[in-house]
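First residue of the sequence shown: 4, per my numbering; consecutive thereafter.
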Amino acid sequence: MQPTERVFIVDDEADVREAVQLLIASAGLPAETYASAEAFLDAYQPDTPGCLVLDVRMPGMDGMVAQQTLRERGIDLPIIFISGHGDIPMAVRAVQEGALDFLEKPFNDDALLDCINRGLEQDRHSRAEAAERAEVEACLKTLTPREREVMDKLVEGKVNKIIARELDASTRTVEIHRARVLQKMAVANAAQLVRRVAPITDDGGD
């Protein structure tokens with residue numbers, strides 16, 4: 004069972020944490036609050052979907068370092084920075100390094116909720132893409148070396164007769180391998196196969 008998506012709030016000011024949590028609750032979303040980036044990083048489980056509302060300036064680890072730490076851990080959680088002391092260079096840097104947005108305190112409630120909804124949608128999309136990629140890679144591992152050769156040529160748009168000639172095999176043999184490839188890759192035809200595996204093979208995946 005997949006964990007419920009939630010909004011993570013990290014700010015060293017208790018009144019800010021409480022206000023943001025109440026705002027998020029009013030939108031019907033669950034939230035977790037943390038008084039420091041260290042506490043959040045210690046508690047966060049990467050399989051938990053959601054987005055992060057992160058203060059920039061905090062004692063100890065600041066928000067920018069927390070963003071870098073998440074990236075180093077391979078965690079692509081959408082981040083909305085909030086700050087009472089932000090400046091344009093800081094905001095530009097945060098967004099360049101992958102932040103969804105940068106809001107200055109006091110921020111507009113609707114603006115924050117809009118950012119949160121965009122963050123949650125972005126996270127859903129990226130997790131769905133990751134799940135699809137993992138499924139395709141698992142299917143690819145079931146192919147024999149010969150089936151993989153046939154699949155690669157199918158993805159290139161080649162027909163059975165051409166594949167047979169290039170692999171020095173009979174057309175009937177290629178047809179059998181083709182049928183097995185489509186079955187193992189859980190697709191009905193070559194067009195579906197291309198749509199499913201092209202993002203993986205274009206990235207050099209196995």
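Every residue, glycine too, gets a C-beta built ideally from N, C-alpha and C.
Is the Cβ-Cβ distance between PRO49 and ILE78 less than 7 Å?
The residue you call residue 49 lines up with position 46 of the sequence shown. The residue you call residue 78 lines up with position 75 of the sequence shown. Yes; because the gap between Cβ atoms is below 7 Å, this pair is in contact.
Separation of LYS164 from GLU178, as counted between CA atoms
For the purposes of this step, residue 178 is taken as the residue at position 175 of the sequence shown. For the purposes of this step, residue 164 is taken as the residue at position 161 of the sequence shown. Between GLU178 and LYS164, the C-alpha separation is close to 9 Å.
Spell out the partners DSSP gives SER29 in its beta bridges.
Here residue 29 corresponds to residue number 26 of the sequence shown, with the count starting at 1. In the DSSP output, where bridge partners are listed per residue, SER29 has none listed.
Within 10 angstroms of the Cβ of ILE83, are there 16 or more other Cβ atoms? Answer buried if so, exposed if not.
Indexing the sequence shown from 1 puts residue 83 at position 80. With 16 or more other Cβ atoms from the protein chains shown falling within 10 Å of its own Cβ, ILE83 counts as buried.
If we count the other Cβ atoms within 10 Å of its Cβ and call it buried at 16 or more, is ASP14 buried or exposed?
The sequence position of residue 14 within the sequence shown is 11, counting from 1. ASP14 is buried by the Cβ-count criterion.
Cutting at 8 Å between CB atoms, please list the residues of its own chain near ARG74, excluding the five before and the five after it.
Taking the first residue of the sequence shown as 1, we reach residue 74 at position 71. Excluding residues up to 5 positions away in sequence, GLU100, GLY101 lie with their Cβ nearer than 8 Å to the Cβ of ARG74 in the same chain.
Taking the C-alpha atoms as reference points, what is the distance between ALA141 and ASP112?
For the purposes of this step, residue 141 is taken as the residue at position 138 of the sequence shown. For the purposes of this step, residue 112 is taken as the residue at position 109 of the sequence shown. Spanning the two alpha carbons is a distance of roughly 43 Å.
Reference LEU55; option with closest CA among SER29, ASP18, THR36
Indexing the sequence shown from 1 puts residue 55 at position 52. It is THR36.
Pull the bridge partners of ALA34 from the DSSP assignment, please.
Numbered from its first residue, the sequence shown carries residue 34 at position 31. In the DSSP output, where bridge partners are listed per residue, ALA34 has VAL10.
C-alpha gap between GLU124 and THR174, whole angstroms:
Here residue 124 corresponds to residue number 121 of the sequence shown, with the count starting at 1. Here residue 174 corresponds to residue number 171 of the sequence shown, with the count starting at 1. Roughly 46 Å between the two C-alpha positions.
Going by CA-CA distance only, name the one from MET64, PRO33, GLY31 that's closest to ALA42.
What you label residue 42 is simply residue 39 of the sequence shown in a count that begins at 1. Its Cα nearest to that of ALA42, the residue MET64 stands out among MET64, PRO33, GLY31.
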